[in-house]
Amino acid sequence: MTIKFAENLKLLRQSKKMTQSQLAELLGIDQRTVSAYEKGLCEPSLATLAKICEIFDESFDNILT
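As numbered in my numbering, residues 301 to 365 make up the sequence shown, in order.
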């Protein structure tokens, strides 16, 4: 999951012209955590993943694969 999710998250965020800090604020997490997600260093909790899907209007499948 990590590599594809990391790539997809970065592409989605950039397509919306959103900074890591802006996304972090919407998710209620630190910008460094968003950076770690995009680098594939860690994965979000299920609750955070659900928020990411909601923010980008994407399904779990589209974000994870």
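We treat Cβ as the ideally placed atom computed from N, Cα and C, and that holds for glycine.
Anyone know if the C-beta pair for residue i and residue j falls short of 8 Å?
{"i": "Leu364", "j": "Phe305", "result": "yes"}
{"i": "Val334", "j": "Leu349", "result": "no"}
Determine the direct distance from the alpha carbon of residue j to that of residue i, and round the result to whole angstroms.
{"i": "Thr319", "j": "Phe356", "result": "14 Å"}
{"i": "Leu326", "j": "Ile303", "result": "23 Å"}
{"i": "Ser321", "j": "Ile329", "result": "9 Å"}
{"i": "Glu358", "j": "Asn308", "result": "11 Å"}
{"i": "Asn362", "j": "Ile352", "result": "11 Å"}
{"i": "Glu354", "j": "Phe360", "result": "10 Å"}
Of all the CB atoms in chain B, is at least one closer than 8 Å to the CB of residue i?
{"i": "Leu346", "result": "The chain labelled as chain B is not found in the depicted structure, where only one protein chain is given."}
Contact check, residue i vs residue j under 8 Å by CB: the rounded distance?
{"i": "Glu338", "j": "Lys310", "result": "5 Å"}
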